[in-house]
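Single-structure report; data block below.
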Amino acid sequence: MANDATGPEEEAGNAASRLEISPEKVCYIIIKARELDAQVETDDPDSGSNPSDDRAIDVLEDVEDNPTAEELEAFIDSLNEDEQVQLVALAWLGRGDYTIESWDEAVAEARAAHNDRTADYLIGTPLLGDYLEQGLAAHQLSCEEYELGRL
């Protein structure tokens with residue numbers, strides 16, 4: 020008689036096969052989200068100093084027309100609805116709101132909450148890169164190969 024019970028590894032494998040956004044896209048978002056998280060508030064907006072004199076530290080300042088934020092927002096907005104839903108569910112999974120066993124429930128909730136502000140919601144989520152990475156790990160996926168070829 021066959022055993023129909025599945026353990027945590029089989030559950031993660033089954034959920035990974037249901038992941039409808041490519042890990043490469045998620046890894047790109049992780050990298051950009053971490054670049055955004057590394058930025059700091061502007062402390063001297065009119066310093067007048069030469070960037071080479073202050074070791075180009077202004078690059079890390081969070082400014083209104085931030086090219087990293089704009090690039091990340093444009094990328095997330097370019098994803099189709101299913102990919103955006105999966106991305107939100109992945110962040111929730113990584114944040115601990117859901118487990119890999121409740122992946123389908125996370126996706127259903129993300130689909131119900133989906134709107135045209137997905138990029139704003141995700142970009143406004145502190146530690147987004149970490150949450151997405153943990154979500155991928157729950158699916159037994161990682162960005163290791165992606166990072167090796169690009170960083």
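Going from the sequence shown to the working numbering is simple: count from 1 and add 19. Cβ coordinates follow ideal geometry from the N, Cα and C atoms, glycine included.
Leaving aside the five residues that flank R37 on each side, the residues in its chain whose CB is nearer than 7 Å to its CB run, in chain order, W122. Taking every protein chain shown into account, the CB of E152 has 16 or more other CB atoms within 10 angstroms, so this residue is buried.
Its Cα nearest to that of S161, the residue L109 stands out among D116, E89, L109 and A93.
The Cβ-Cβ distance between V104 and R136 does not fall below 9 Å. For D116, there is no enclosing alpha helix (DSSP H), as DSSP marks it with neither H nor E. Take the alpha-carbon of R53 and the one of N134: they are about 24 Å apart.
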